[in-house]
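One structure is given below, encoded as C-alpha cells.
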Amino acid sequence: MKGRPMYRLWVVVAWAVMWPPALAAAQEGDPGAGRIVIGSKNFTENRLLGEIMAQLIEAHTDIQVERRVNLGGTTVVFSALRNGEIDMYSEYTGTAWTVQLGIAETAVDRLRAYLHVAGEFERRFGVTWLQPFGFENSYELAMDEAAAETMGIRTISDLLPYEDRLRAGVSHEFLNRDDGYPGLAAAYGLEIRDLRGLEHGLAYEAILSDRIDVIDTWTTDGKLRVYDIRILEDDRGFFPPYDSAPVVRSDTLERYPEVGEVLGRLAFRIDNETMQALNYRVEDQGGGFDEVARDFLVSAGLVDDAAAAEPAVVDRDGGFPAFLWSRRGQTARLVGQHLGLTAIAVLLAVVVAVPVGVGLTRREALASPVLGAVGVIQTIPSLALLAFMIPIPLLGLGARSAIAALFLYALLPIVRNTYTGIKEVDPDLLEAGRGMGLDSRQILFKLQLPLATRTIMAGVRTSTVISVGVATLAAFIGAGGLGDPIVTGLQLNDTYLILSGAVPAALLALAVDFLLGRFETFLVPRGLA
C-alpha cells in the first residue's frame with residue numbers, strides 16, 4: 027500500500043524541537059545589559075504601581091523595561107524576585123512582616139515595621155526596600171452599609187454574634203495568609219461558617235446582589251468610591267501597617283544605580299487619597315493602566331508631558347466590535363504568543379507521544395500503567411500544574427513553564443489515540459504484509475501508521491484544542507497570550523476586556539482544528555482519504 031510518506035510529519039515535529047529556545051528568547055527579551063524586569067501581583071493597585079515605576083524608568087534612563095504582570099499572589103512574585111526572574115515589584119510592609127519574614131508578633135509602629143523589614147530583606151534575601159510611596163493600604167473587612175446598620179455592626183468584634191448566619195466571600199490570598207483570615211479568626215475567636223474564596227473584582231457585585239454579607243477589602247480600593255460600603259473597625263488592632271514601597275534586587279541596583287535614584291522620586295508622592303483615585307480610574311472609569319500611570323506622572327511633575335508615551339486609543343463607545351478593532355495590534359501580538367505556546371507544546375507532545383503509543387503496542391504490559399500516568403496528569407488543575415513548573419530549574423516564570431505544562435496536558439489524547447489506532451489495524455492485513463516479506467519496521471511505516479493516521483490526528487486535534495484553552499492561564503505566570511486581557515478583565519470586572527481574549531481564543535481553536543483537518547487529509551494515504 028502506497029501513501030504519502032509519514033516522514034513529512036516527523037520533519038515538522040523534529041523542527042519544533044529547535045523552536046522553544048527561540049520563542050522564549052523572543053518573549054523574554056535580550057538578557058544582556060540595559061534591561062530590567064518589573065513584576066506585579068494580580069490585583070489592580072500592584073499592577074498600576076508597576077506601570078508607574080516602569081514608565082518613570084523609561085522616561086529618565088536608557089534602560090529597557092520588561093513588564094511581567096498578574097503573576098499571582100505574594101509567594102509567586104517574591105519567589106520570582108529571589109530567583110532573579112524579575113528585578114523589582116511593589117510590596118507592603120505588613121505582608122513582608124507576616125508572610126516573607128514569618129513574624130508572629132503584631133507590628134504596630136509604621137516606621138519601626140518598615141525599618142525592620144528593610145533590614146531583614148537586605149540581610150536574608152539580598153533585596154533592597156526603597157523609600158515608601160507614601161500611602162498605607164491595609165486590609166479591612168466590609169459590609170453593605172444598610173445591612174450593617176440594620177444588624178448594628180460597626181466593628182469586627184460585632185460580627186461574633188452573627189457568625190453562624192453570615193456569608194463571607196474573601197480573596198483567595200486573604201483566605202490563606204497569616205495576616206488574613208486565619209490570623210484574624212484566631213485573634214477575634216471568629217468562626218464564620220459560610221466562608222468562601224472569591225475573586226476580589228466580583229466581591230462588590232456579590233455583596234450588592236445579596237449573595238454574601240462580608241468581604242475583605244483594603245484602604246485604597248477604588249471601588250469604595252462607588253459602593254455604599256461600611257468598613258468595619260479593627261477594634262483589636264490585628265492588621266499590621268501596610269506601607270507600600272518598591273522592592274528591588276540589590277544586585278540590580280549595583281548594576282543600575284540610576285534606577286534607585288529615579289524611583290526615589292516617587293518617595294512619599296502618593297498618599298491614600300491619590301492611590302484610591304488612581305485605582306478608581308482604572309477599575310470603574312475604564313482607564314488603561316498605561317494611561318492612568320502616564321497621567322499621574324505628568325500631573326506630579328515626574329515626567330514631561332511631551333516625553334510621556336501616549337497610551338493606545340481604545341474605542342468603547344462603538345460596542346464590542348469597535349473595541350476589538352481598536353485593540354487589533356495588541357490582539358495580533360497576543361494571538362502570536364498564544365499560537366507559539368500552543369504549537370510548540372503540541373508538536374513536542376507529538377514527538378514524544380507517538381513513539382510512546384507505538385511502543386505500548388509492542389509492550390502490552392506497560393500500556394495500562396503508562397496510559398494511567400498520563401491520564402493522572404490531565405486531572406491536575408491547570409493553574410496548579412503551571413505553578414509546579416515555576417521552581418523547576420531552567421523553567422521558572424514565562425514561556426518555558428507554560429510550554430512544559432501544555433506539553434504534559436497534550437500527551438494523553440495523542441498517546442491513547444496512537445495506541446488505539448495501531449491496535450485496531452486489521453491483523454489479517456498485517457499477516458499479509460509479513461507474507462510479502464515486510465519486516466517489522468516496514469510494517470509499521472507502510473501499514474500501521476498510514477492506516478492509523480486518522481485516529482492519531484484525532485488525538486492531535488483534541489490536544490491542540492485543549493491546549494489553546496489551557497494556554498489562556500499562562501498569563502498567570504508571565505507567559506503572555508490571550509489570557510492577559512481575560513485576567514485583567516476579571517480583575518476590573520470588564521466584560522469587553524474578557525471577551526477580547528476569550529473570543530480570539532475560541533476562534534483560534536476553531537482555526538487550528540480546521541487547519542489540522544486539512545493537514546490530516548494531506549497525510550492520509552490516497553486510498554484511505
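If you're matching positions, the sequence shown starts at 27 in our numbering and goes up one per residue. Ideal Cβ positions, reconstructed from N, Cα and C, are used throughout, including at glycine.
- Within the same chain, and ignoring the five residues on either side of residue 80 in sequence, the residues whose Cβ sits closer than 7 Å to its Cβ are 64, 91 and 93.
- Contiguous alpha helix (DSSP H) elements confined to the segment 238–298 occur at 276–281 and 283–289, taking only those with 4 or more residues.
- For residue 352, the enclosing alpha helix (DSSP H) starts and ends at 345–352.
- Shortest Cα-Cα distance from residue 134 to any of 502, 357, 260 and 384 involves 260.
- In the structure shown, the three-state DSSP call for residue 116 is strand.
- Your pair residue 515 and residue 508 does not check out as a contact, with CB atoms roughly 11 Å apart and the cut at 8 Å.
- Membership of residue 220 in the beta strand (DSSP E) is indicated by the continuous run 220–223.
- A distance of 7 Å or more separates the beta carbons of residue 489 and residue 272.
- Collapsing the DSSP output to three states places residue 423 in coil.
- As summarised for the segment 100–147, the continuous alpha helix (DSSP H) elements at least 4 residues long and confined to that stretch are 100–108, given in chain order.
- In this structure, the beta-carbon distance from residue 254 to residue 171 falls below 7 Å.
- Straight through space, the alpha carbons of residue 549 and residue 369 are spaced by roughly 18 Å.
- Cα atoms of residue 402 and residue 319: separation of roughly 45 Å, rounded to the nearest angstrom.
- By the neighbour-count criterion, in which 16 or more other beta carbons inside 10 Å mark a residue as buried, residue 521 falls on the exposed side.
- In this structure the segment 240–252 does not lie against the segment 526–534, because fewer than three pairs of beta carbons, one per stretch, are closer than 8 Å.
- The beta carbons of residue 268 and residue 121 sit about 7 Å from each other, so the pair counts as a contact at 8 Å.
- A buried status is given to residue 70, since no fewer than 16 other beta-carbon atoms sit within 10 Å of its beta-carbon.
- Across the structure, residue 311 and residue 351 are spaced so that their CA atoms are roughly 20 Å apart.
- Apart from the 5 residues on each side of it in sequence, residue 297 sits with its Cβ closer than 6 Å to the Cβ of 160 and 161 in its chain, given in chain order.
- Across the set 407, 257 and 356, the C-alpha of 257 shows the shortest separation from the C-alpha of residue 168.
- About 6 Å separates the Cβ atoms of residue 379 and residue 444, confirming a contact at the 8 Å cut-off.
- DSSP links residue 63 through a beta bridge to 92.
- Around the Cβ of residue 487, a 10 Å sphere holds 16 or more other Cβ atoms; the residue is buried.
- Annotated three-state conformation of residue 193 is strand, per DSSP.
- The three-state secondary structure of residue 166, taken from DSSP, is strand.
- Put simply, the segment 344–359 does not touch the segment 315–331. Fewer than three CB pairs are less than 8 Å apart.
- About 5 Å separates the beta carbons of residue 265 and residue 165, which is inside the 8 Å limit, making them a contact pair.
- Restricting attention to 465, 391, 209 and 419, the CA atom closest to the CA of residue 125 is found in 209.
- When beta bridges are read from the DSSP output, residue 154 appears opposite 274.
- Around the beta carbon of residue 191, fewer than 16 other beta carbons sit within 10 angstroms, so the residue counts as exposed.
- Short of 8 Å from the beta carbon of residue 396, and not among the five residues preceding or following it, lie these beta carbons of its own chain, in chain order: 382, 386 and 441.
- Taken through DSSP and simplified to helix, strand or coil, residue 87 comes out as coil.
- Among the bridge pairs identified by DSSP, residue 181 is matched with 259.
- With fewer than 16 other Cβ atoms from the protein chains shown falling within 10 Å of its own Cβ, residue 452 counts as exposed.
- When C-beta atoms of the segment 189–205 are compared with those of the segment 224–236, three or more pairs fall below 8 Å, so the two segments count as touching.
- DSSP, read as helix, strand or coil, puts residue 462 in coil.
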